[in-house]
Amino acid sequence: MFTVISTARVYPPNEETLLDTRTVPGELKWAASPTEGGWEEVSIMDEKNVPIRTYQVCNVMEPSQSNWLRTDWIPRSGAQRIYVEIKFTLRDCNSLPGVTGTCKETFNLYYYESNNDREHYIRESNFLKIDTVAADESFTQVDIGDRIMKLNTEVRDVKVTTRKGFYLAFQDVGACIALVSVRVFYKTCPLTVRNLATFPDTNTGADTSSLVEVRGSCVNQSEEREEPKMYCGADGEWLVPIGGCVCNLGYEERSGVCQACTVGFNRAVSTDRACSKCPPHSHSEKEGAAVCDCNPGYYRSESDPASMPCTQPPSAPQQLISEVNETSVVLEWSAPLRLGGRSDISYSVDCLLCHGPESQTGNRTQIGNVLFSPQQSGLRATRVCVSELQAHTRYTFTILARNGVSQGHSAGAGQSVSVTLTTNQAAPSPVTSIQAGDVTRHGVSLAWQQPDRPNGVILEYEVKYYEKDQKESSYRIMKTASRSADITGLSPLTVYLYQVRARTAAGYGEFSGPLEFSTNSDPLPLIGDAASSTLLLLSISGGVILLLTSTAVFIISRRYKHIWIYVDPFTYEDPDQAVHEFAKEIDATYIHIEKVIGIGEFGEVCSGRLRLQGKREIYVAIKSLKAAYSNKQRQDFLSEASIMGQFDHPNIIRLEGVVTRCKPVMIITEYMENGSLDAFLRKHDGHFTVIQLVGMLRGIASGMKYLSDMSYVHRDLAARNILVNSNLVCKVSDFGLSRVLQEDPENAYTTRVTGTYHSPGGKIPIRWTSPEAIAYRKFTPSSDTWSYGVVMWEVMSYGERPYWDMSNQDVIKAIDEGYRLPPPMDCPVCLHQLMLDCWQTERTHRPSFTQILNMLDKLIRNPTTTLRRTGGDRPVPSLLEPVGGPEFVSVWSAEDCLQAIGMGMYRDTLTTAGYTSPDSLLTLTHQDMTSIGIITPSHQDQILASVQQVLLSHMQQIQEQMPDSMVPV
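Residue numbers (the UniProt record's numbering): 1 to 969.
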C-alpha cells in the first residue's frame, strides 16, 4: 500500500523483549478475522532496503467494520506487567475522497492470557481491552506523493499474572492503517552490585506503583554490616539501598569486590574503607593481614587502635627536687628524656613509710593519715604535695613514669627516680571532739581530746570564745594545761562560739572548728502586741504584693507567649543558616531505616526509628534527597524543614530534625501511622460517625488557625496533605507550596513547586484553590479558607475527588459561573453551609479560621440540634450567625478528661496554670506543657494525642443516650 521510512533502535538495558516483528525472519502469519478482506500481511523495505513484515487494512468505504488480527502465543517469561510498543501510520479521513462518516482514525488493542499455544481461532469474547489507540499525526495523499510518512509510536502496558503466556489482538473499526512494527517487552532491574552486595536481575512488579523488595548477597570475603536490601521500581530502576556488606578484616573494596591487603599493609577496623600501610615500628609478612605485628622492643596496649604506631615505655623522670615544710613535702621533677612515642605519660608516687587504707577525698589521695595532692597515682602534672607526715621522720619517695605499654614489660624497669628526706618539727594538728559539760546561767564546762597528731609534747591548750552575734570582733582567750576548761562570766541566754588549739615547742596548731553552745536562763519575753501586729501586717502585705506580682507576670506571660511571626527561609542569603536556626541536626547513626513507604518529589520516603541519647526510641518518617541533586534542589528540599521547624502545635506535623552533614540529606518527622487523610477515608468509607468526622475537621482547623496566627499561608491545603496518626489525630503537613504572608495582606505570591495545573507562575492545585489565587496569584488566609471548605467536602464524602472527572478548565469555568459542590451523602446541612461560606466569591466574606474553629466547637457541643440535620431537613442559617435551638452542653471538667486519658496526676499543675475546662486543654502545645512543668515527652504526647478523641467520644456517647424526644426528626 505504501512505504515507511524507519530508524534503527537500541533497547535500554532494563527492557527484555518478548516479541519484535522487525527481527522475525519470514512471514508472521498471524491469525486474522475475517480471513479475507480484513488485515493483510505485506512486506515493505526500510531505509536500509531490508524487508520487514507489516499488516495493513483500509476498508473505509464500508460501514460497521470489525477486523481482528491476533499475534501468536507469547510466553511471558516471568513478567508481571508487559509493555506493547506499536509503530504505525494512519490515513487522515478528510484526505480520502468520497468517504462518509464511516471512516475512523483509531483502532483497539486487546489481550488474552493463556497457558499454552492452542488457540487456532480468534474468540473475541475471550479478549480484554487494553486501550483505544489514536494517532498523534496522520498523513494525506500529498504525503504519499512526497514519500513523507507520518510514523506514530504508542506504548501501552497491562498486568499479566494469571497464565504462562498471552495473545495480543488488534481490532480495526474502519481506519486506513498500517502496523509497521510491534514490540512486546517487560522491564527488569538489571544485575547490580551496591554496597558490596549483589542484587540479581529482578522483574518489576505487577502494578505501576509497586516496589519489589530484593535481598542482596554479600560478595566474597565480605560480611553483612546490616541486611542488604533494595527495591526494584516499576520503571526498572533500583531504589533505596538499605544496609550493605563490609569487607572482612585484611581485605579492602576495589571495583566492587574485596581484595586482600598486600604485604606491608593491613586493615584492622571495619569502618576503614581501604588497607593502610603498617604504622611505624610494625610489619606484616603475608597478604590479608588484619593487624601489623610490632617490631621487637615495641608494644601496643589493649586500648591502642591498630593504626597507631607501636611504642615503648618511657625512661625515668629527671631532675627530682624536694622541699620540706614541717610535716609537708613538695616534690617536683621534669619529664623523662624519652616518652616512648606516646602522649599518655603519667606518674605515681611511692612512699616507703606510708601505710594504711587508701581513699580518695575530693582531689586528694589519702593513705592512712598521709595526704597526696592532687593524687598519689595517675598524675599528669610533674608536681605533688605530700602532707600530714610524721614530724622528725625519715621518708623515701619514688617517682615512677608510666605510659600505656609500661605494664608487664621488662623494658619498664628503671623508669623511676627516688629521694630520701627527713621532716621537721611541726605544730600539732587541730583539736577535735569538743563537748560541753555543765551549762549554767553564766558559764559552761568544756572538754576535748588530744590532737590526732600532736607532733611532740603538748605544752598547753588555748580556748577562744565570743558571742555569736559579735563574731570574732571581740573575743576572749583562756589557757589551760589540761584537756578541759570552765568558762565563767558569760551572759545569760546567750549563744557563744568556742574554739580550741594546742601548742608544742614548734608553736600553736590551728584552731578547731567553732562549736556553738548557749548559756541558760528564763525563756525570752514575747514581742509586744504592737510590735506583733506591725510584723503581722508587714508579712501579710508583703505576701499580697508577692501574690499580685506573680499573678500579673503569669497573665502577661500567658497572653504574649504565642506572639511569634513566621520567618521565611527564602529571605536568608545562606539557606543553610535558616536550616540550622530552625531545625535540629541529627547524627545519622541514630536513625535506623526499616522500609520504603513511598516516593516523593525529591527522593524516597521511608519509615524507621530514631533513638537520641537519653531519650526513648520513636518511630519516624524519613525523607531522603535523591543522589546527584543540584544546589537548588537541596535548598528547596531543606526549605520545608526550615518551615516546619518553626511550628509547635498538636495539629501540625512535628519536625524531629535534619541530616545535612552527610549523605543522603534527610528530613526526619514524626511518623503518622494511618498516612494521608484522603486515602485513609477511602479505605474506611462509612466507618465513622458524623461527630468523629467533625472532630477530624476541628483538628485541621485548629492547625490552620495556628498557622494563620503566625501570618503564614499554606497554599496547598488538601486532604492528601493531611496526615492521620493511630489516635485519628489529623495534622497539617506538606509545606512545599507554602510561603509567608508579609505585613501587606494584599501581597500575592507566585508558586514555586509542583501542583496539578500548569500556569505562567508554576503549577496550582486548581480543585482546591480560590478563584482570586488562580486568576491573580493572590494567596491569603482567605484563600486557605476556600481550600479548607474543599477539605471539608473531601472528609464528608470519604475522600471522593472534588468535581469528579471534570477537567481543570471546566472547574474554573463552573466556579466563575457560580457553581459550588453539592452536599455529600448524609452530610448535615450546617456543615455544607459552612463549606458554602468558605466558598464565597468575595474573599472578605469568608470566615477566618478562628471563626471556623468556634463554629465547629459549637457543633460538637450541640450535636442534637445541628449534626442530626441532613439535606432532607429544613434549611438552617449560615454558621456565621449563632445557631438557634436549645443548648445541650456536656458538663465535663478538665479533671474528668485527664482521668479518662490516665493523666490525672497533672490536674493541679494544669488547673493552677489556668487550664480548667476541656476546651482549654485543646489549646495546649509542647511548649505550654514544658513551661508549666510537664516535661516528660511521652506524657506530653499522650495529652496532645488523646484529649481531642476522648472529648469527641464523650460527646458521641451523650448524643446516643439522648431521648428520642430531644432528637429532631
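Even for Gly, the Cβ is constructed at its ideal location relative to N, Cα and C.
Since we're looking at a predicted model, the values are computed, not measured.
The criterion of a C-beta distance shorter than 8 Å is satisfied by V431 and V500. Annotated three-state conformation of Y788 is helix, per DSSP. In terms of Cβ geometry, E601 and L610 do not form a close pair [threshold 8 Å].
Secondary structure of I345 (DSSP, three-state): coil. The beta carbons of L339 and P374 sit no closer together than 8 Å. Sequence-distant Cβ neighbours of F779 in its own chain, meaning closer than 6 Å and more than five residues away, are V713, R715, Y749, A773. With distances taken between CA atoms, A505 lies nearest to N424 out of E40, N424, T519, V180. With respect to the 8 Å criterion, R820 and L836 are classified as neighbours on the basis of their beta carbons. Classified as exposed, T844 has fewer than 16 neighbouring CB atoms from the shown chains inside 10 Å of its CB. D469 and T494 have their C-alpha atoms spaced approximately 9 Å apart. With 16 or more other Cβ atoms from the protein chains shown falling within 10 Å of its own Cβ, C354 counts as buried. Around the beta carbon of T396, fewer than 16 other beta carbons lie within 10 angstroms, which makes this residue exposed. Less than 8 Å separates the beta-carbon of T660 from that of E585. Annotated three-state conformation of E670 is strand, per DSSP. Non-local C-beta neighbours of Y803 in its own chain, meaning closer than 6 Å and more than five positions away in sequence, comprise R767, V811, ordered along the chain. Counting only the Cα atoms, E287 lies some 15 Å from C247.
Using a Cβ distance threshold of 8 Å, V10 and M61 do not count as a contacting pair. The C-beta distance from S491 to T519 rounds to 7 Å, short enough to meet the 8 Å contact threshold. Cβ-Cβ separation between P828 and V724: approximately 22 Å, too far for a contact (criterion under 8 Å). A straight line joining the alpha-carbon of C310 with that of S406 spans about 13 Å.
Rounded to whole angstroms, the separation of the alpha carbons of T106 and V729 is 50 Å.
Cα atoms of E640 and A197: separation of roughly 34 Å, rounded to the nearest angstrom. When the five nearest sequence neighbours on each side are left out, the beta carbons in the same chain lying within less than 8 Å of the beta carbon of L18 are those of I74, P75, R76, S77, A79, I82, V184, F185, Y186, in order along the chain. Going by DSSP, F199 is part of the beta strand (DSSP E) stretching over 197-199. Burial is judged here by how many other beta carbons sit within 10 angstroms of a residue's own beta carbon; T785 has at least 16 and is buried. Residues of the same chain with a CB within less than 7 Å of the CB of I321, apart from the 5 flanking positions on each side, are E332 in chain order. Fully contained in the segment 586-644 are the following beta strand (DSSP E) runs of length 3 or more, in chain order: 591-599, 604-610, 618-624.
Secondary structure at Q646: coil, using DSSP grouped into helix, strand and coil. With respect to G244, R267 sits apart: the two C-beta atoms are not nearer than 8 Å. Distances from the CA of A401 to each of P317, I667, L922, I177 were compared; the closest alpha carbon is that of P317. Fully enclosed beta strand (DSSP E) runs of no fewer than 3 residues occupy 318-325, 328-334, 346-351, 358-361, 364-367, 370-373, 383-387, 394-402, 416-422 of the UniProt domain "Fibronectin type-III" (313-426), in order along the chain. The straight-line gap separating the alpha-carbon atoms of N862 and L625 is approximately 48 Å. Nearest to Y112 by alpha-carbon distance, out of I86, F170, T140, is F170.
For P428, there is no enclosing beta strand (DSSP E), as DSSP marks it with neither H nor E. According to the DSSP assignment, P918 belongs to no beta strand (DSSP E) but to the alpha helix (DSSP H) extending over 918-921. Straight-line spacing of the CA atoms in E673 and S726 works out to 6 Å.
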